[in-house]
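For reference, the structure discussed in these notes is given below.
Numbering (UniProt numbering), first residue to last: 1 to 167.
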């Protein structure tokens, strides 16, 4: 799970990379398409709501992207607990090391390099690996509109999002 404002920005950039998606005309147009559910995977708000509604049936464990940035090892340990896996400290350290953005960005098994070479993607798919980049894209009006729609569509769900972290 990730701050939905960062999801929007990430999908905007991803849409420039994956050839199966229409390249956005502008961030402003993409913002509105995202808010209207006219992007890959449909309306983000509905997508998250569907998972939340089925959480117990599907045995879903939420992992926040921002929590991984703050404490990757702690999140790996939580996932191990959820999966009932008792890994050694050495194994956990290895998973943590291989799961850093720096390593995933250079790992062809994680970064779609083979698909870039096969021309399914026009450029690398991993960009910054940071949180809060939405602030570099959203206008004040877009931010206020997003907050309003988010409140209308998500306020009844028991989910919490991390809107800002100090990195």
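Yeah, the Cβ is synthetic: ideal placement off N, Cα and C, and Gly gets one too.
Beta-carbon within less than 6 Å of residue 37's beta-carbon, same chain only, minus the 5 sequence neighbours each way: which residues are those?
43
What's the call for residue 82, buried or exposed, on a 16-neighbour Cβ count within 10 Å?
exposed
With DSSP run on the structure shown, which of helix, strand or coil describes residue 18?
strand
Put residue 61 into one of helix, strand or coil per three-state DSSP.
coil
Looking at residue 39: is its Cβ nearer than 9 Å to the Cβ of residue 30?
yes
Does residue 131 pass the burial test, meaning 16 or more other C-beta atoms within 10 Å, or should it be called exposed?
buried
Whose C-alpha, out of 20, 32, 22 and 67, is nearest the C-alpha of residue 3?
67
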